[in-house]
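Each remark here refers to the structure printed beneath this line.
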Amino acid sequence: MADNPLDDSRLTLAGLFIETCGGLTAQLSVVHTEHGLAGTDFDVMIRLARSPECRLRMSDLAAQTDLSTSGITRIVDRLERRGLIRRDPEPGDRRGCVAALTHQGHQALAADLPPLLDTIQRCLIDPLTPNQLQRVTDALRILRDALRPGAATRTP
2 MADNPLDDSR
12 LTLAGLFIET
22 CGGLTAQLSV
32 VHTEHGLAGT
42 DFDVMIRLAR
52 SPECRLRMSD
62 LAAQTDLSTS
72 GITRIVDRLE
82 RRGLIRRDPE
92 PGDRRGCVAA
102 LTHQGHQALA
112 ADLPPLLDTI
122 QRCLIDPLTP
132 NQLQRVTDAL
142 RILRDALRPG
152 AATRTP
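Numbering follows the working numbering, with no gaps: position 80 of the sequence shown is 81.
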């Protein structure tokens, strides 16, 4: 039975990772939906909130979120219509612009964060011992860096 390619431990590892990510995404999505945000909206807004002066060049925001420039433009357009983000001209670049989190955007994040952090605590932290949590965190950083070279320097 050991020669059966369907029993390969690599399939099990990948499956467990995908199931875990899917389960966490579903749990976080419930919180975001209750606060009127999509997961991509939150991702864009938290990256802005954690950046210097709560602003990023659109191209940097696209790179950090792994979205195309047209994809990030659509999300920023939607968030801008809701008053959560604004676009400002980029100093020294007539064609460029930066996305900036508005006061209303900060308020939306502030409302979303407590239940979001509670969900993260319940789903990712509570089931693990402190030692396990540190090992998982370290392993995830290694895997993230292998899968997304340069992500550590882009992620606030």
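C-beta atoms are modelled at their ideal positions from N, C-alpha and C, and glycine is treated no differently.
Practice item. Would you mind stating whether alanine 109 and leucine 85 have Cβ atoms separated by less than 8 angstroms? Key: yes
Practice item. Excluding the 5 residues preceding and the 5 following isoleucine 143 in the sequence, name in chain order all residues of the same chain whose CB lies nearer than 6 angstroms to its CB. Key: none
**Study point:** Residue burial classification, glycine 93 (beta-carbon count within 10 angstroms, cutoff 16)
**Key:** exposed
Check your understanding: By Cβ distance below 6 angstroms, which residues in the same chain neighbour cysteine 124 in space, the five residues on each side in sequence not counted?
Key -> Leu25 and Gln28
Practice item. Please report how far the alpha carbon of methionine 59 lies from the alpha carbon of isoleucine 126, in whole angstroms. Key: 33 angstroms
Check your understanding: Based on the DSSP output, what are the partners of alanine 101 in its beta bridges?
Key -> Arg56 and Arg87
Exercise for review: Starting from aspartate 94, follow its DSSP beta bridges and name the residues at the other end.
Suggested key: Glu91
Practice item. Measure the C-alpha to C-alpha separation of alanine 112 and arginine 88 and round it to an integer number of angstroms. Key: 23 angstroms
Review point. Taking just the CA atoms, how far does glycine 37 sit from arginine 75?
Key: 17 angstroms
Practice item. Measure the beta-carbon distance from aspartate 51 to glutamine 65 and round it to whole angstroms, keeping in mind my assumption that it falls under 8 angstroms. Key: Looking at the sequence provided, one finds arginine at residue 51 rather than aspartate. Not a contact, Cβ separation roughly 10 angstroms.
**Study point:** Local conformation of arginine 149 per DSSP, three classes
**Key:** coil
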